[in-house]
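In the working numbering, the protein residues as written are 282 to 711.
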Ligand code: GLN
């Protein structure tokens, strides 16, 4: 038996043993052992030969249940592969199955799935973070090599931070969204999660690039030269728990000293309005994107079958997009989005990257989020949303632990500087 088959068997074994408790996989690829056997015989090997990937349940994988963790699409079997999946398969990666998430990616805790909470393998009484809860948890629990998630306001980076793994949101347009079920099309990006920056980089290299099926895709330049003297921008945002800020400051200081990098404080205009800016955009775009779930084509009507948070966004979105409110919410939010984006462009003229914590607080107790004030739940994304508004690339890398709970360091670079970001992040690994 070859090494790939043995590895796949091991992952299947871990899933069998732990999935009932952790609730990570919604669908396991029954054919994966056969696919692994076929790979073993290949002479010409792709860039991701034998790499085992778990996929968030909002990215279409042909023949697999792609239900967005929602009763609306409960038995929906994808009839085609998303572009990222086509690329993974062409590079000889293996898809092990579809993983849990917040329903339609609406959430940041992993508590909003219609199929139950996902536990955090690194701290099982706490939330794993979301919405790519299953993607981060699958990597942390040793059920796959890497995973794909999607990030609209932090959904890759937040669970990566809480579960102690690496998760990257590519620049807007770097990766095709064709076959991703939208939360907010002007902000969504698919990205990789893995144990190391190197693993994540390998996946990004394969999935990135222009796609005729997604007109927002761009080809960003490949920087082949090494990192020069790096200036690290230090961004401080209000509302971070002191213990987290302290850990991140110490971690940044250690990296900067070791690498002999320089630091410079940066500020971003209107960054305190990021959360208030993000939600009108998401509510409006999500409302519009969900009109197709009218019960005629895809399973059930969304208003009949969706959970509380999804309905909140649909009803909220339908309200604020009414003609009489033209210019009041969506347009205003777009205006602030541009102020924030422009300010990041200016900041990146002075610094190579910006560092800050990934999350303002530690993960809360599993289930507690449903009882917390909504503003508090939404505020948990205050540090990740800015990268989405600005279209920048950003990554969360493990920075240490507080009482055994993982804490992530977030590194951001300018739009299109994904490769530079990965190089910097590699030096920031513990
Ligand atoms: N937590 C944020 C939200 O609920 C981010 C979601 C995401 O990035 N998909 O919208």
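We put the CB at the ideal spot given by N, CA and C, even for glycine.
Tell me the DSSP bridge mates of residue 306? 380
Consider the C-beta atom of residue 610 and the heavy atoms of the ligand GLN; say whether any pair is separated by less than 8 Å. no
If you run the structure through DSSP and keep just helix, strand and coil, what is residue 682? strand
Which same chain residues end up closer than 6 Å to residue 546 when comparing Cβ atoms and leaving out the 5 residues on each side of it in sequence? 515
Along the beta strand (DSSP E) that carries residue 429, what are the first and last residues, could you check? 427–432
Same chain, Cβ closer than 6 Å to residue 704, neighbours up to 5 away in sequence not counted: Closer than 6 Å at the Cβ level, and outside the excluded window around residue 704, lie 508.
Would you say residue 433 touches the ligand GLN, meaning its beta carbon is less than 8 Å from a heavy atom? yes
Between which two residues does the beta strand (DSSP E) holding residue 447 run? If you look at residue 447, you'll find it in the beta strand (DSSP E) that goes 447–450.
Residue burial classification, residue 675 (beta-carbon count within 10 angstroms, cutoff 16): By the C-beta density criterion, residue 675 is buried, having at least 16 other C-beta atoms within 10 angstroms.
Please state if the CB of residue 639 and the CB of residue 442 are separated by a distance shorter than 9 Å. yes
Nearest-angstrom Cα distance between residue 599 and residue 632? 41 Å
Could you check whether residue 518 and residue 690 sit closer than 9 Å to each other, using their CB atoms as the reference points? no
Should residue 463 be listed as close to the ligand GLN, given that the test is whether its C-beta is under 8 Å from any heavy atom? no
Under 8 Å, with one C-beta from each stretch per pair, do the segment 296–304 and the segment 362–374 reach the 3-pair mark? no
Would you say the beta carbon of residue 436 comes nearer than 8 Å to a heavy atom of the ligand GLN? yes
To test your reading of the DSSP string, which unbroken alpha helix (DSSP H) runs of 4 or more residues are found completely within the segment 361–424? 364–371 and 414–421
Please state the DSSP three-state secondary structure of residue 465. Here DSSP, grouped into helix, strand and coil, assigns residue 465 to coil.
CA-to-CA distance, residue 666 to residue 433, given in whole angstroms: Distance between the alpha carbons of residue 433 and residue 666: 8 Å.
Once DSSP output is grouped into helix, strand and coil, what is the label at residue 571? helix
Option in 575, 296, 565 and 414 with minimal Cα separation from residue 595: 565
Any non-hydrogen atom of the ligand GLN closer than 8 Å to residue 662 Cβ: yes
Just to confirm my understanding: we take residue 575, look at its own chain, exclude 5 residues before and 5 after, and list those with CB closer than 7 Å. What are they? 582
Keeping to the same chain, check which residues put their C-beta closer than 7 Å to that of residue 651; ignore five residues upstream and five downstream. 392
At a cut-off of 8 Å, would you count residue 520 as near the ligand GLN, judging by its Cβ distance to the nearest heavy atom? no
Closest by C-alpha distance to residue 544, when choosing among 550, 552, 551 and 535: When the alpha-carbon of residue 544 is set against those of 550, 552, 551 and 535, the nearest one is in 535.
Am I right that residue 378 and residue 308 are in contact with their C-beta atoms under 8 Å? What's the rounded C-beta distance? In this structure residue 378 is in contact with residue 308, their Cβ atoms being roughly 5 Å apart against a cut-off of 8 Å.
Taking 8 Å as the cut-off, does the CB of residue 563 come closer than this to any heavy atom belonging to the ligand GLN? yes
Check the C-beta distance from residue 437 over to residue 389 and give it rounded, since I have them as a contact under 8 Å. Between residue 389 and residue 437 the Cβ distance is about 11 Å, and since that is not below 8 Å, they are no contact.
My output table needs one value for residue 493: the three-state DSSP class, helix, strand or coil. coil
For the ligand GLN, I want to know if residue 650 counts as a neighbour, meaning its beta carbon is within less than 8 Å of at least one of the ligand's heavy atoms. no
Is the closest heavy atom of the ligand GLN to the C-beta of residue 331 under 8 Å? Outside the cutoff, so no.
Helix, strand or coil: which one does DSSP assign to residue 544? strand
Restricting to Cα atoms, I'd like to know which of 361, 541 and 310 is closest to residue 511. 541
Contact between the segment 482–498 and the segment 457–472 (3+ Cβ pairs under 8 Å): yes
What does a CB cutoff of less than 7 Å around residue 588 pick up in its chain, not counting 5 residues either side in sequence? 384, 393 and 395
Using 8 Å as the cut-off, can you tell me whether the segment 394–409 makes contact with the segment 465–480, which would need three or more C-beta pairs spanning the two stretches below that distance? The answer is no - the segment 465–480 does not touch the segment 394–409, with fewer than three Cβ pairs under 8 Å.
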